[in-house]
Amino acid sequence: MRVRISALAVSALVAGGLLIGGAQVDRPSVDLVAKTGTCHIAQMENQIADLRQKAQRLERDGARAEATKARAQATAIERKLRACIDSDNSASKPFPR
Numbered sequence: 224m225r226v227r228i229s230a231l232a233v234s235a236l237v238a239g240g241l242l243i244g245g246a247q248v249d250r251p252s253v254d255l256v257a258k259t260g261t262c263h264i265a266q267m268e269n270q271i272a273d274l275r276q277k278a279q280r281l282e283r284d285g286a287r288a289e290a291t292k293a294r295a296q297a298t299a300i301e302r303k304l305r306a307c308i309d310s311d312n313s314a315s316k317p318f319p320r
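Converting from the sequence shown to my numbering requires adding 223 to each position, the first position being numbered 1.
The following block contains the structure:
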């Protein structure tokens, strides 16, 4: 009898904890909502062009390491832009009215 009561008490506490904990998990945080915005394609393309020009200028001046870093930054932004465009294209569209 004692084992049944303690088992019931433990299961009730666990269920109550899941209910309380579940209410906090269901709400999206502000960080998640802020990160799921739209892409600024024109701004990203301008950044890529600026970084590529900077890399060319640094290469002419003889600063090869800095030019490589600028090219790597441009390539990273370009990958991010491609991923953003792909996700926009593959996202489910709402039903027409």
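Glycine is no exception: its CB is placed at the ideal position from the N, C-alpha and C atoms.
What three-state label does DSSP hand residue 262 in the structure shown?
As a working note, residue 262 is residue 39 in the sequence shown. Note: residue 262 maps to coil in three-state DSSP.
Residue 277 by DSSP, collapsed to three states: which one?
Locating residue 277 in the sequence shown gives position 54, where the first residue counts as 1. Three-state result, residue 277: helix.
Find the nearest neighbour of residue 308 within the set 235, 268, 278, 230, judged by alpha-carbon distance.
Here residue 308 is taken as the residue at index 85 of the sequence shown, counted from 1. Selected option, being the one with the closest Cα: 268.
Three-state secondary structure (DSSP) at residue 315?
Locating residue 315 in the sequence shown gives position 92, where the first residue counts as 1. Reduced to three states, the DSSP call for residue 315 is coil.
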